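Take a look at the structure set out below.
Residue numbers (full-length UniProt numbering): 1 to 933.
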């Protein structure tokens with residue numbers, strides 16, 4: 001059954017419009033009712049205000065009359081003298097006027113005892129005597145006028161005014177008036193009826209008694225009309241509720257409202273009386289009903305008109321939709337031309353949804369026709385794609401067979417389902433892997449781990465190949481898509497045996513000296529520190545320094561020195577064995593840790609080592625070389641409770657052995673002069689504190705061109721302030737720093753501070769030369785440190801010159817040579833300092849990487865007095881020039897030396913004549929001033 005969209009729209013809009021009409025009508029009715037109610041509340045408020053004003057005005061008028069009476073001639077004197085007959089005579093002449101013209105109901109005069117001495121008019125009946133006497137007595141006592149409203153069978157207004165004589169109260173005058181005038185005024189001013197209601201009154205007129213309210217009506221305007229209305233209100237409403245809101249009643253096809261106004265503010269005692277304000281609201285209610293009915297009629301007419309318009313608007317579009325619905329099935333039959341003919345697409349300026357639908361149907365016909373043409377093309381492409389997938393499968397198969405990694409898949413039970421060729425070759429072609437347990441063959445536990453992690457997992461294992469070799473394999477396991485008939489995990493293994501060996505080699509190098517293969521200084525110190533942490537342990541340390549090792553280096557070359565170091569290391573291992581630790585401290589220094597050794601054991605071992613080394617003899621280039629060493633012996637805890645102090649004592653003992661000719665080893669006695677050792681320990685502690693407290697300072701000394709007399713770069717010098725602020729020269733603390741190993745930390749501090757200076761300098765042409773110790777030259781991590789320091793500040797490496805002494809460079813020539821080449825490869829410059837003091841300076845000049853040669857100052861400072869030294873300076877300069885290096889002369893202290901250097905191939909000069917060492921800020925400021933000038 002078809003139900004037209006048109007009728008659906010009409011019915012739906014009808015429901016909506018009817019609902020809106022009803023809602024609008026109800027809203028209009030409620031709005032009018034609320035407006036009327038609000039107007040009524042305002043009207044009642046106004047009427048109550050008028051009544052209160054009328055009562056106040058009436059009371060004021062009574063008070064004026066009472067005051068006039070009280071001030072009558074001789075009235076006060078008569079009351080004071082108790083001449084009551086005179087009082088009666090005085091008021092008798094005034095009473096007719098007061099009663100007729102003013103409307104006074106009664107007039108009474110009371111003496112100070114509250115007794116009436118003269119009364120005119122009709123007193124009100126039914127007044128409780130006690131309450132009236134109490135009110136009158138209060139007026140007498142207070143000597144102030146008072147007013148009240150008293151309702152019995154009637155309601156009267158009372159005013160009491162004191163009578164004064166000679167400033168004293170001698171009595172009171174009481175005047176009363178009926179409320180009828182107020183009720184009539186209210187009825188006339190508001191147009192509404194008024195009723196006066198008092199409590200009780202049943203004994204009076206039963207026709208006016210209201211049992212529900214226990215009250216009687218004593219005054220009522222329009223009694224015939226309003227009395228039935230009041231009785232109806234009394235039956236259904238309480239009097240108290242009507243004091244806060246009006247009551248609406250229907251009677252004889254009319255609509256009325258009654259509001260009760262309490263008169264309690266005017267009554268001093270007794271029950272409260274009420275005024276009932278009655279309003280005929282029939283015209284207003286009929287107006288509200290009429291307006292509501294008109295609103296509903298207009299809304300219904302609007303609904304009918306709207307439905308007619310909707311019907312007219314939808315008629316033609318619905319016809320077009322029916323036409324289009326009859327055409328669209330042709331699309332399924334492929335009759336695209338018919339659809340385009342039947343679908344009328346017009347170029348309109350204003351298009352509705354039906355026009356859009358026609359256009360969509362027209363376009364759809366073209367698109368479907370185009371898609372039908374593309375289907376055949378896609379069929380061909382799909383066939384080609386299948387062929388590509390086949391080729392990809394062949395590619396993956398080839399990859400599995402030729403990749404040099406182990407690739408396996410295994411099912412949920414851990415049984416291998418696929419193995420690539422490389423895995424089969426590693427495990428042995430004759431071995432059957434398919435169907436075998438993956439975990440058992442490759443010694444792994446991975447399935448539960450993958451299930452728990454829910455993703456990829458990495459592992460390492462060691463497997464034995466078919467040739468019997470053990471290899472390390474890094475595995476990556478990953479879950480595949482679950483399939484009941486397919487593998488659920490794939491594992492890929494990479495042979496990392498070579499990497500593992502490299503890691504072991506690196507770990508070995510971290511603790512070993514690469515030349516001698518002994519333990520290095522860092523390992524020895526850590527081992528000693530660990531042993532000494534247990535205070536119960538006892539033992540000793542032997543500290544060895546080879547004698548005349550520099551001569552071996554200079555006479556036989558660095559190869560001879562390296563060979564001697566290896567022979568010494570081999571001899572120490574043979575003599576000491578594996579139970580104790582033998583280490584190379586650096587250069588030609590060695591150390592031996594003897595655990596659980598007594599004094600005799602340590603001395604005996606020192607003697608054995610000394611004899612063992614004396615037996616080392618080898619020949620190089622026709623020269624005979626021997627190994628001799630000075631050995632220092634220190635015991636713990638006797639000579640030190642921590643490793644730093646113990647090594648300082650061992651070093652001290654070694655130097656004592658060198659000083660004592662004929663003794664190859666030296667043991668610190670129990671009682672000895674510790675001043676020299678304390679001096680060394682003092683400087684070591686002072687250096688540590690200076691580093692932590694930042695008490696080191698830099699100074700710079702200029703290096704100038706000999707020909708141009710312009711500054712080319714500065715040498716950075718180090719100063720230290722002691723705890724009192726005094727400067728300490730390097731000669732005081734550098735030896736202690738070199739012996740303790742703190743020189744490495746100092747070198748790095750100086751380098752960082754120098755690079756910070758370069759970073760701050762705006763003059764990019766200024767270069768700095770920084771001195772590097774022999775200990776740092778043996779630190780293989782120094783090159784990486786320099787590289788990181790330069791890159792972090794984005795500095796040009798060419799602005800940094802590293803100065804090394806000739807002696808430090810040749811002590812361990814191989815290590816120093818490699819490190820300097822690495823630093824030079826970064827772009828830094830190298831300067832060889834103190835050149836010429838060694839025996840083999842020229843031998844190393846061509847082998848060691850350097851850009852500058854600094855001639856030792858001992859030759860330069862005396863060249864004017866010594867022809868031989870002048871020839872040495874010229875020879876060094878000529879040879880350095882031949883190797884393409886720049887020459888710097890040190891200790892240039894006067895202009896004559898500078899002038900003499902100009903003819904000796906010397907490029908630069910440094911000394912007190914060129915410039916004294918000063919703070920960097922001062923030096924750079926003077927340089928800027930000279931260049932600006």
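Every residue, glycine too, gets a C-beta built ideally from N, C-alpha and C. Here the structure is a predicted model, which is why all the values come from computation and not from measurement.
**Message:** DSSP has residue 961 in a bridge; who is on the other side?
**Reply:** Residue 961 is absent from the structure shown; the chain starts at 1 and stops at 933.
**Prompt:** Can you list, in chain order, the residues of its chain whose CB lies under 7 Å from that of residue 744, leaving out five sequence neighbours each side?
**Reply:** For residue 744, the CB contacts under 7 Å within the same chain, skipping 5 residues up- and downstream, are 775, 776, 779 in chain order.
**Message:** Taking contact to mean 3 or more Cβ pairs, one atom from each stretch, closer than 8 Å, check whether the segment 889-903 and the segment 849-862 are in contact.
**Reply:** yes
**Asked** Which whole-angstrom value is the C-beta distance of residue 461 and residue 496, which I expect to be below 8 Å?
**Response** Actually they do not touch by this definition, with Cβ atoms about 10 Å apart.
**Inter-residue spacing [alpha-carbon to alpha-carbon] between residue 438 and residue 500** = 23 Å
**Message:** I'd like to know if the segment 82-101 and the segment 190-198 are in contact, where contact means that at least 3 CB-CB pairs between them fall below 8 Å.
**Reply:** no
**Request:** Please name the residue in 703, 694, 636, 733 whose C-alpha comes closest to that of residue 682.
**Result:** 733
**Request:** Would you check if the distance between the CB atom of residue 854 and the CB atom of residue 831 is smaller than 8 Å?
**Result:** yes
**Item:** Closest by C-alpha distance to residue 615, when choosing among 586, 632, 575
**Value:** For residue 615, the closest alpha carbon among the candidates 586, 632, 575 is that of 575.
**Asked** For residue 488, which residues from the same chain have a beta carbon less than 7 Å from its beta carbon, with the 5 sequence-adjacent residues on both sides left out?
**Response** 411, 412, 479, 480, 482
**Asked** Of all the options 618, 536, 522, 580, which has the alpha carbon lying nearest to the alpha carbon of residue 568?
**Response** 618
**Asked** Whose C-alpha, out of 419, 920, 75, is nearest the C-alpha of residue 89?
**Response** When the alpha-carbon of residue 89 is set against those of 419, 920, 75, the nearest one is in 75.
**Prompt:** Using DSSP with H/G/I as helix, E/B as strand and the rest coil, what is residue 412?
**Reply:** The answer is coil: DSSP assigns residue 412 none of H, G, I, E or B.
**Request:** Would you kindly work out how many angstroms separate the C-alpha atoms of residue 427 and residue 464, rounded to a whole number?
**Result:** 8 Å
**Prompt:** Anyone know if the C-beta pair for residue 633 and residue 666 falls short of 8 Å?
**Reply:** A contact, by the Cβ cut-off of 8 Å.
**Asked** Could you give the uninterrupted runs of the alpha helix (DSSP H) lying entirely in the segment 213-261, keeping only those of 4 residues or more?
**Response** 223-236, 239-242
**Prompt:** Going along the chain, which unbroken runs of the beta strand (DSSP E) with 3 or more residues stay wholly within the segment 863-924?
**Reply:** 886-889
**Message:** Which runs of the beta strand (DSSP E) at least 3 residues long sit entirely within the segment 162-186? Give them in chain order.
**Reply:** Those beta strand (DSSP E) runs which fall completely within the segment 162-186 and span 3+ residues are 168-178.
**Asked** If you check the beta carbons only, do residue 877 and residue 904 fall under 8 Å apart?
**Response** yes
**Prompt:** Alpha carbon to alpha carbon, what distance is there between residue 57 and residue 66?
**Reply:** One C-alpha to the other measures close to 14 Å.
**Prompt:** Which first and last residues belong to the alpha helix (DSSP H) in which residue 720 is found?
**Reply:** From DSSP, residue 720 is part of no alpha helix (DSSP H) but of the beta strand (DSSP E) over 711-721.
**Prompt:** Between residue 168 and residue 182, what straight-line distance do the alpha-carbon atoms span, to the nearest angstrom?
**Reply:** About 35 Å.
**Message:** What does the Cβ neighbour count give for residue 298, buried or exposed, with the cut at 16 atoms within 10 Å?
**Reply:** exposed
**Prompt:** How is the beta strand (DSSP E) around residue 771 delimited, first residue to last?
**Reply:** Taken as a continuous stretch (DSSP letters only), the beta strand (DSSP E) holding residue 771 covers 767-771.
**Request:** Quick one: grab the DSSP three-state call for residue 308.
**Result:** helix
**Message:** Measuring alpha carbon to alpha carbon, tell me which residue in 92, 640, 805, 329 is nearest residue 532.
**Reply:** Checked all of 92, 640, 805, 329; the closest Cα to residue 532 is 640.
**Request:** Classify residue 273 as buried or exposed, calling it buried when 16 or more other Cβ atoms lie within 10 Å of its own Cβ.
**Result:** Result: buried.
**Prompt:** In three-state terms, what does DSSP make of residue 484?
**Reply:** In this predicted model, residue 484 has a pLDDT of only 48, less than 50, meaning its place in the structure is not dependable enough to derive any value.
**Prompt:** DSSP beta-bridge partners for residue 119?
**Reply:** 108
**Message:** Quick check on residue 22: buried or exposed, where buried means 16 or more other Cβ atoms within 10 Å of its Cβ?
**Reply:** exposed
**Asked** Does the distance from the C-beta atom of residue 416 to that of residue 444 stay below 8 Å?
**Response** no
**Prompt:** How would you call residue 936, buried or exposed, if buried means at least 16 neighbouring beta carbons within 10 angstroms?
**Reply:** This structure cannot settle anything about residue 936, because the visible part of the chain is limited to 1 through 933.
**Prompt:** Would you call residue 135 buried or exposed, if buried means 16 or more other Cβ atoms sit within 10 Å of its Cβ?
**Reply:** buried
**Request:** May I ask you to report which of helix, strand or coil DSSP gives residue 467?
**Result:** Residue state, collapsed to three classes: coil.
**Message:** In the DSSP assignment, the alpha helix (DSSP H) including residue 90 goes from what residue to what residue?
**Reply:** Start and end: 84-92.
**Message:** What ranges does the alpha helix (DSSP H) occupy inside the segment 504-555, keeping only unbroken runs of at least 4 residues that lie completely in it?
**Reply:** Counting only runs of 4 or more, we get 521-533.
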